[in-house]
Amino acid sequence: DTGVSQDPRHKITKRGQNVTFRCDPISEHNRLYWYRQTLGQGPEFLTYFQNEAQLEKSRLLSDRFSAERPKGSFSTLEIQRTEQGDSAMYLCASSFGSDRGAFFGQGTRLTVV
Amino acid sequence: DAKTTQPPSMDCAEGRAANLPCNHSTISGNEYVYWYRQIHSQGPQYIIHGLKNNETNEMASLIITEDRKSSTLILPHATLRDTAVYYCIVGRSGSARQLTFGSGTQLTVLP
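Sequence order for the protein chains is A and B.
Last residue of the first sequence: number 116 in the numbering used here, and the count goes up by one each step with no gaps.
Last residue of the second sequence: number 167 in the numbering used here, and the count goes up by one each step with no gaps.
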């Protein structure tokens with residue numbers, strides 16, 4: 004399967020712990036996006052990379068959230084000192100070019116207990 | 057980016073065409089109309105997008121009105137697997153491709 008891959012698919016963590024999620028985009032895609040989706044809502048944009056450059060990060064929810072894409076291929080999203088309100092589905096998407104649709108992964112479902 | 061308005065839910069009989077409307081009356085000249093769908097517990101799936109002209113691909117057709125203030129996504133022969141939330145999104149060309157998802161339309165295809 005050459006689609007967008009996310010790992011893990013599910014994560015349960017205790018409040019206050021740090022978590023890191025990984026996204027492997029479609030190989031030829033230069034753009035990578037992170038979204039968050041809470042129950043009953045549409046996905047909410049968080050941040051965006053073009054190759055290794057993070058071009059938009061103002062929508063990251065707080066300074067506890069950070070993302071990297073060090074070599075312009077896979078990306079990681081880290082949440083520090085998790086809170087119960089961080090429980091959500093975290094979606095990664097990738098695209099090639101500015102005018103084409105983005106392809107989403109299956110997401111990582113985070114539960115903070 | 058312009059906002060969109062969609063009905064919260066629609067039903068369609070299996071085998072019939074599903075016509076999903078979207079209003080985007082504040083769309084500007086360089087904004088595209090994108091459609092995505094999300095089947096329960098999966099990531100959103102890109103369907104189609106267009107600027108002014110009608111578009112068709114293997115999944116669907118997109119009809120955009122001449123004034124570009126509304127559009128319709130057409131699934132020509134709906135199947136049970138088309139049951140999903142359908143999102144109509146308006147976004148600018150060349151900018152960061154963040155997509156602003158609204159609440160979408162829950163399409164239920166009935167046997």
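Here a beta-carbon is modelled for each residue, glycine too, at the ideal position from N, C-alpha and C.
These figures come from a predicted structure and were not determined experimentally.
### Query
Would you call the CB atoms of Pro73 of chain A and Phe157 of chain B closer than 8 Å?
no
### Task
Excluding the 5 residues preceding and the 5 following Gly150 of chain B in the sequence, name in chain order all residues of the same chain whose CB lies nearer than 7 Å to its CB.
With a pLDDT of 48 at Gly150 of chain B, under the threshold of 50, the modelled position of that residue is not reliable, and the figure given next carries that caveat. Same-chain partners within the cutoff: there are none.
### Task
Note down the Cα distance separating Ser65 of chain B from Gly160 of chain B, rounded to an integer number of angstroms.
A direct Cα-Cα distance of roughly 8 Å separates Ser65 of chain B from Gly160 of chain B.
### Endpoints, the beta strand (DSSP E) within which Lys14 of chain A is located
Judged by DSSP secondary structure, Lys14 of chain A falls within the beta strand (DSSP E) whose first and last residues are 13-16.
### Segment contact, 8 Å Cβ cut-off, at least three pairs: the region 10-17 of chain A with the region 30-46 of chain A
no
### Message
For a test of the three-state rule: what should DSSP assign to Ser84 of chain B, helix, strand or coil?
### Response
coil
### Message
In the DSSP assignment, the beta strand (DSSP E) including Pro77 of chain B goes from what residue to what residue?
### Response
74-79
### Expected contact under 8 Å - CB spacing of Arg62 of chain A and Ile82 of chain A to nearest Å
With a Cβ gap of about 14 Å, Arg62 of chain A and Ile82 of chain A do not count as contacting.
### Message
Quick check on DSSP: helix, strand or coil for Leu136 of chain B?
### Response
helix
### Task
Compare the Cα-Cα distances from Phe106 of chain A to each of A:Val115, A:Ala96, A:Tyr38, A:Leu113 and report the closest residue.
A:Ala96
### Query
How long is the line joining the alpha carbons of Arg148 of chain B and Val165 of chain B, rounded to whole angstroms?
32 Å
### Query
Looking at the C-beta of Leu42 of chain A, does it have a partner C-beta in chain B at a distance below 8 Å?
no
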